[in-house]
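One structure below.
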Amino acid sequence: MTAAPASSALSFRDFRPDEAFARHLDETDPLSGFRDRFELPRDERGRPVTYLVGNSLGPMPRGARELVMRELDAWGGMASEARFRGERPWYRYHELVREPLARLVGAHPAEVVAMNGLTVNLHLMLASFWRPQGRRTRILMEAGAFPSDTYAIESHVRVRGMDPAVEVIKVSPRPGQACFEVADFTQAIEREGDRLALVLVGGLNYFTGQVLDMQAITAAAHRAGAMCGFDLAHAVGNVPMQLHDWQCDFACWCSYKYLNAGSGSVAGCFVHQRHAEDLERPRFAGWWGNDPQERLRMLDTFVPASGADGWQLTNPPILSTAPLKASLDLFDQATLPALRRRSLALTGYLEFMLRHAVPSGCSVITPADTGGRGAQLSIRIPGNARAVAKALHDRGFWCDFREPDVVRASPAPLFNRFAEVHAFAAALGGILNG
Ligand SMILES: Cc1ncc(COP(=O)(O)O)c(C=O)c1O
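In structure tokens, the structure reads:
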């Protein structure tokens with residue numbers, strides 16, 4: 011066969027539908043080797059599967075087992091002294107992941123902290139950045155947001171004795187469309203004007219896989235005099251971001267999806283420098299938010315540490331931070347720009363193969379514009395998408411079903427292969443057209 015270009019330089023017109031093409035890409039892409047750094051799941055009978063649900067729960071980096079074992083050994087061997095002794099003292103353990111996380115989201119290190127879970131961090135940020143006053147009370151979000159975001163927002167409104175039906179404004183996709191128009195956000199923000207206190211949206215929509223223009227939404231919110239924050243559960247480790255330069259006020263993410271740190275692992279939070287250094291900003295407090303030099307003096311007065319660290323409540327969960335550290339080591343070795351190039355090629359190839367192998371019976375609702383999406387394609391399958399997802403699962407292709415008619419498939423650049431994308435499309439074609 012004629013040599014194919016390196017996967018990172020591929021565009022739609024370079025793709026070919028034969029399996030040999032996919033195998034050639036796998037053999038020649040230097041990032042293919044990262045797959046071996048993961049333990050990949052198997053089905054009930056011990057057979058390998060094609061794992062396309064890294065957008066939901068990433069697989070386990072091999073390094074995670076070793077790092078967790080090391081911390082168990084530290085616990086067993088040093089117990090309380092592990093806080094200050096050994097190679098990675100627990101007192102500052104969360105700081106090990108600060109810089110790698112900051113690189114992924116385009117932040118200054120002091121703007122980022124690993125703490126709690128995603129929904130907990132959303133609550134902490136709502137307490138600090140939704141400060142309703144006078145006419146300026148409303149929160150703008152997207153319709154069909156991940157339910158936890160809606161619950162968090164509405165509960166803050168109710169806690170203050172206010173009515174979510176009045177205070178929460180939702181932007182919807184246009185009739186007949188699955189994805190949002192950014193102009194609909196910016197116009198709604200402008201319309202709300204001085205009624206608007208906060209904009210809080212998902213940077214990458216979990217259902218459609220659409221990436222929103224976070225810079226434009228932030229700028230519109232600021233023009234209206236409102237704060238702007240993002241839920242980055244599906245964006246972090248998936249698409250490059252520049253939260254500091256975009257002037258976002260805050261952002262929160264979990265680390266068990268593209269960050270592969272394990273279910274319920276420690277989450278992340280970004281607070282822009284201009285707020286992170288403002289020690290007067292109201293916040294919910296706990297002893298871990300104190301300056302680490304002062305913390306153990308057990309003073310009655312809370313003086314927040316400068317930076318995002320000042321929002322910490324509680325001492326860091328060592329056993330769930332260790333897998334994140336193992337995973338972030340892989341991101342640092344591969345680098346996000348290189349992973350993004352491979353991701354664009356993998357997802358572009360998935361779209362190409364779906365068109366080739368599944369000419370009818372499904373449509374992709376994720377934006378076709380590669381800048382407007384990450385690794386995930388959301389495939390609409392009218393009829394019985396749930397049964398199709400089950401049939402795929404039975405054939406060893408793990409993707410997921412979302413009501414009412416969508417199958418989400420995410421080839422993740424750290425561990426998925428082009429050959430898997432090829433085989434997935436062929437299997438879906440077989441099920442739908444066979
Ligand atoms: C977009 C989004 N927001 C919030 C959550 C809730 O996350 P957690 O359970 O980690 O708080 C999820 C979980 O999948 C999510 O996808």
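For the numbering used here, count along the sequence shown from 1 and bump the result up by 10.
We put the CB at the ideal spot given by N, CA and C, even for glycine.
At least one heavy atom of ligand 1 falls within 7 Å of the beta-carbon of LEU128. In the DSSP annotation of this structure, the continuous segment of the alpha helix (DSSP H) that includes ALA367 starts and ends at 346 to 367.
Distance between PRO110 and LEU442, taken at the CA atoms: about 42 Å. Unbroken alpha helix (DSSP H) runs of no fewer than 4 residues, entirely contained in the stretch 64 to 122, are found at 72 to 88 and 108 to 115, following chain order.
VAL176 and ALA207 have their C-alpha atoms roughly 13 Å apart. Secondary structure of SER21 (DSSP, three-state): coil.
Nearest in C-alpha terms to LYS335, of all of ASP36, PHE48 and LEU269, is LEU269. Separation of the CB atoms of GLY239 and LEU210 is rounded to 5 Å, and the pair is thereby assigned contact status at 8 Å.
With fewer than 16 neighbouring CB atoms inside 10 Å of its own CB, LYS400 falls in the exposed class.
Residue THR129 holds the alpha-carbon nearest to the alpha-carbon of GLY274 among TRP140, THR129 and ARG427. At least one heavy atom of ligand 1 falls within 7 Å of the beta-carbon of GLY212. Under the 8 Å Cβ criterion, the stretch 425 to 439 does not count as touching the stretch 90 to 103, having fewer than three qualifying pairs. The Cβ-Cβ distance between ALA378 and SER353 does not fall below 8 Å. With a minimum length of 4 residues, the unbroken runs of alpha helix (DSSP H) contained wholly in the stretch 164 to 234 fall at 174 to 177, 192 to 202 and 224 to 233.
Assignment of beta-bridge partners to MET125 by DSSP yields no partner. In the structure shown, the three-state DSSP call for VAL130 is helix.
If you draw a straight line from the Cα of GLU37 to the Cα of SER182, it comes to about 43 Å. By the CB criterion at 8 Å, VAL107 and VAL115 fall outside the cutoff. Relative to ligand 1, even the nearest heavy atom lies 7 Å or more away from the CB of HIS166. Looking at the backbone, the Cα of CYS264 and that of ALA193 are separated by about 28 Å.
About 12 Å separates the Cβ atoms of PRO58 and PHE425, ruling out a contact at the 8 Å cut-off. Of the residues assessed, GLN252 falls on the exposed side of the cut-off, its CB having fewer than 16 other CB atoms within 10 angstroms. Pairwise C-beta distances place the stretch 19 to 37 out of contact with the stretch 317 to 335, as fewer than three of them are shorter than 8 Å. Across the structure, SER66 and CYS372 are spaced so that their CA atoms are roughly 22 Å apart.
In this structure ALA153 is exposed. Its beta-carbon is surrounded by fewer than 16 other beta-carbon atoms within 10 angstroms. CA-CA distance, GLN257 to TRP140, rounds to 17 Å. Beta-bridge partners of ARG390 (DSSP): SER373 and VAL416. The Cβ atoms of PRO27 and HIS366 lie closer than 8 Å to each other.
The continuous stretches of alpha helix (DSSP H) do not include ASP301, and DSSP gives it neither H nor E. Taking all protein chains shown into account, ALA231 has 16 or more neighbouring C-beta atoms within 10 Å of its C-beta and is therefore buried.
Comparing alpha-carbon positions, the option among GLU191, SER370, ILE227 and THR380 lying closest to ILE391 turns out to be SER370. Pairing SER420 with ALA74 gives a Cβ-Cβ distance that is not under 8 Å. By the beta-carbon neighbour count (other beta carbons within 10 angstroms, threshold 16), THR218 is buried. Residue range 395 to 404 is occupied by the alpha helix (DSSP H) that includes ARG396. Here ALA429 is actually not in contact with ARG55; their C-beta atoms are around 21 Å apart, not less than 8 Å. GLY296 and ASN325 have their alpha carbons spaced roughly 9 Å apart.
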